[in-house]
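For reference, the structure is listed below as structure tokens.
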Amino acid sequence: MINIEKFWSDAKYELSKSIQAIYYEVWIEALEPVCFVDNTIVLSTVAASAKRTIDHKYLEIIKEVVSSLNSSITDVLVILPSQKEEYINKQTDSLVSPQSEKRPMADTQKTKSPFLDKYTFDTFIEGKSNAYALAACKTVADTPGQKYNPLFIYSGVGLGKTHLLHAIGNLICKDRSNLSVLYVSAETLVTELISVIRTKSNEENNKFREKYRSCDVLMIDDIQFLIGKDATQEAFFHIFNDLYQTNKQIIITSDRSPKELTTLEDRLRTRFSWGLTVDIQPPDMETRVAILKNKAAQAKFQLSDEVADYIAENATSNIREMEGLLNKIVFFSSLTNNVINTRELAAEALSDFIEDKDGAIDASDIIGAVCKFYKISTDDLFSKKKTKNLVEPRMIAIYLITDLLPMPLAQIGEIFGGRDHTTIIHARDKITDEIKTNTRIKITVADIKNMLLNR
Ligand code: ADP
Ligand code: MG
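For the working numbering, count along the sequence shown from 1 and bump the result up by 6.
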């Protein structure tokens, strides 16, 4: 049986190559996979107007992509959320035999470049926060296997890791077409290995090994997915050794440093630190604005300074999210023929959209996520109790609000039961310091942020 989430995510990846970013973001990203019914994939969208547009403009391309990934899926049906239950009841269990399932990512990579044209070094904006990582990636692209091996890049979500991998891939494919570059997300690696193990076939097993061992450059994106996947760690360990010993370049990305991948096997973690480890920090205002201007120019949109500042100030540090806001501005400008060029217009356009979607994070989301993470009640969080199990989540909630929302300190004090602003500053600064020295706190903050961003 096909995992519909994974299948749709592969399909989206393909669709993102052929649909312009703005339209992709607005129409395709908003589609949610529901189920398979006979040979049809059922997707749901938010509103009848969206369904009309998708049916009219995007159905053919979606059909084409899904059936190219799996020939037994020949149709696409877009429904509204109210119809979901009806279709889930009708869904077909064993849709496709595994043999007819094509694996889109790794398998097709040798024949055509898997790297997105839009992710190059030219479109990557340099700032203080990423300069070191960028320089390392350029060196590796120029001299694969010679200098920094492995190259380990880590950062929070949406800060450019995948973009840099594609940039390296694009450059190597262009300048050294004799080299074979393999890009694979750790998640795909896990799925692939599981299916190889299931077949119990030596031939499949050899094919798998051969594919990974014969490449000149291997990129594994989001290695943290290997946590808890022992069989894949084992397989990857051997691939790593073979490639390393023959001076083949290995590039790894992760949402945390090798040191912080605490539950990954030690022997892998040690190997990750043999080469160079670089991190990407959240971009400062200047870099955020420069990125927005560059993305706008790519979409041939005249972005005013005011609107660029507004987006850069109001988005979280996740650049993907910031881009999402820009795309909405571009899209609304094109819909109404009334270019959004002032702060007020931007605020209006974005708040409308954010209300419909569940994009914007507010203080109650942060508080909810912290309480969920620590398994405590909001009453306890706001209370004056000073027990250790409450002080830490309270400070983290305050820190996250100051970090993610443009909210005055006094107002935060009010939310937290009338505490004054010096208490808020103390909590904020304390966690800021702890993040630098205390790995557990750093990971906790990152995990809660991830919970918020992936709601
Ligand atoms: P990650 O893999 O770290 O989660 P991505 O590489 O997917 O992040 O980046 C998210 C989005 O932000 C992409 O559209 C990427 O092009 C953009 N982006 C991130 N950093 C930069 C940068 N320095 N310059 C231009 N675009 C960037
Ligand atoms: Mg990524």
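Beta carbons: idealized from backbone N, C-alpha and C, even for Gly.
What is the rounded straight-line gap between the Cα of residue 238 and the Cα of residue 156? When only Cα atoms are considered, residue 238 and residue 156 end up about 18 Å apart.
Look at the Cβ atom of residue 28, then the Cβ atom of residue 333, and state whether they are nearer than 9 Å. Result yes, Cβ atoms of residue 28 and residue 333 sit closer than 9 Å.
In angstroms with no decimal places, state the Cα-to-Cα distance between residue 270 and residue 447. Residue 270 and residue 447 have their C-alpha atoms spaced approximately 19 Å apart.
Can you check whether the CB of residue 170 is closer than 9 Å to the CB of residue 287? Not in contact: residue 287 and residue 170 (Cβ atoms no closer than 9 Å).
Does any heavy atom of the ligand ADP sit closer than 8 Å to the C-beta of residue 227? For residue 227, the shortest separation between its Cβ and any heavy atom of the ligand ADP lies below 8 Å.
Would you be able to state if there are at least three C-beta pairs under 8 Å between the region 288–308 and the region 260–275? Flag = no, the region 260–275 and the region 288–308 do not touch.
Can you tell which of 451, 300, 35 and 214 has its C-alpha closest to the C-alpha of residue 380? Of the candidates 451, 300, 35 and 214, the one whose C-alpha sits nearest the C-alpha of residue 380 is 451.
The beta strand (DSSP E) spanning residue 160 covers which residue range? 157–161 is the extent of the beta strand (DSSP E) around residue 160.
Specify the secondary structure class of residue 15 as computed by DSSP and reduced to three states. Residue state, collapsed to three classes: helix.
For residue 170, is the beta carbon positioned less than 8 Å from some heavy atom of the ligand ADP? At a cut-off of 8 Å, the beta-carbon of residue 170 counts as near the ligand ADP: some heavy atom of the ligand is closer than that.
Taking buried to mean at least 16 other C-beta atoms within 10 Å of its own C-beta, is residue 428 buried or exposed? Exposed, because fewer than 16 other Cβ atoms sit within 10 Å of the Cβ of residue 428.
Coil, strand or helix - residue 242 by DSSP: In the structure shown, the three-state DSSP call for residue 242 is helix.
What's the C-alpha gap between residue 231 and residue 308? Looking at the two C-alpha atoms, the distance is approximately 39 Å.
Sheet register partners of residue 38 (DSSP bridge): According to DSSP, which records beta bridges pairwise, residue 38 is partnered with 50.
Hey, is the region 205–220 in contact with the region 171–178, meaning 3+ C-beta pairs nearer than 8 Å? Touching, no, given that fewer than three Cβ pairs across the two stretches are closer than 8 Å.
Close beta carbons around residue 119, own chain, < 8 Å, minus the five adjacent residues each side: Excluding sequence positions up to five before and after residue 119, its CB lies within less than 8 Å of the CB of 175, 176 and 179, all in the same chain and listed in chain order.
Could you check where the beta strand (DSSP E) with residue 413 kicks off and where it finishes? Per DSSP, residue 413 belongs to no beta strand (DSSP E) and is neither H nor E.
Given a threshold of 16 other Cβ atoms within 10 Å of its Cβ, counted over all protein chains shown, does residue 324 qualify as buried or as exposed? By the Cβ-count criterion, residue 324 is buried, with 16 or more other Cβ atoms from all chains shown falling within 10 Å of its own Cβ.
Starting from residue 32, follow the beta strand (DSSP E) in both directions and report where the run begins and ends. For residue 32, there is no enclosing beta strand (DSSP E), as DSSP marks it with neither H nor E.
Mapping DSSP to helix, strand and coil, what is residue 125? In the structure shown, residue 125 falls within a coil segment according to DSSP collapsed to helix, strand and coil.
I believe residue 122 touches residue 82 by the beta-carbon criterion, under 8 Å. Please report the beta-carbon distance rounded to the nearest angstrom. The C-beta distance from residue 122 to residue 82 rounds to 23 Å, too long to fall under 8 Å, and the pair is not in contact.
May I ask you to check if the CB of residue 384 is nearer than 8 Å to at least one heavy atom of the ligand MG? In this structure, the C-beta of residue 384 stays at least 8 Å away from each heavy atom of the ligand MG.
For the candidate residues 198, 58, 285 and 297, whose alpha-carbon lies nearest to that of residue 127? Nearest option by C-alpha distance: 297.
Less than 7 Å between C-beta atoms, sequence neighbours within five positions excluded: which residues of the same chain meet that for residue 464? This structure does not reach residue 464, given that the chain is present from 7 up to 461, and the question cannot be answered.
Under 9 Å, do residue 367 and residue 410 count as touching if we go by C-beta distance? Residue 367 is a Cβ neighbour of residue 410, given a cutoff of 9 Å.
Pop quiz: residue 249 and residue 224 are said to be a contact at Cβ under 8 Å. What is the actual Cβ separation, rounded to whole angstroms? By a beta-carbon distance limit of 8 Å, residue 249 contacts residue 224. Their separation comes to about 6 Å.
Where do the N-terminal and C-terminal ends of the beta strand (DSSP E) with residue 258 fall, by residue? Where residue 258 is concerned, the enclosing beta strand (DSSP E) stretches over 255–260.
Assuming residue 470 is part of the beta strand (DSSP E), what are its boundary residues? Nothing about residue 470 can be reported from this structure: the residues present for the chain run from 7 to 461 only.
Same chain only: Cβ atoms within 7 Å of residue 71, ignoring 5 sequence neighbours per side: The answer, listed in chain order, is 17, 20 and 21.
Candidates 210, 348 and 376: closest to residue 458 by CA position: It is 376 whose Cα lies nearest to the Cα of residue 458.
Taking the alpha carbon of residue 162 as the reference point, which residue from 228, 407 and 216 has its own alpha carbon closest? With distances taken between Cα atoms, residue 162 lies closest to 228.
Hey, would you say the C-beta of residue 124 is under 8 Å away from at least one heavy atom of the ligand ADP? It does: the Cβ of residue 124 is within 8 Å (strictly closer) of some heavy atom of the ligand ADP.
Under 8 Å by Cβ, that's how I've got residue 86 and residue 57 pegged, so tell me the actual separation to the nearest angstrom. With a Cβ gap of about 6 Å, residue 86 and residue 57 count as contacting.
Please tell me whether residue 89 and residue 41 are closer than 9 Å, where the distance is taken between their beta carbons. Going by C-beta atoms, residue 89 is not nearer than 9 Å to residue 41.
Please determine, among 8, 25, 141 and 136, the residue with the shortest C-alpha to C-alpha distance to residue 79. Measuring from the Cα of residue 79, the nearest candidate turns out to be 8.
With hydrogens ignored, establish whether the beta-carbon of residue 96 is closer than 8 Å to any heavy atom of the ligand MG. False, no ligand heavy atom lies under 8 Å from that Cβ.
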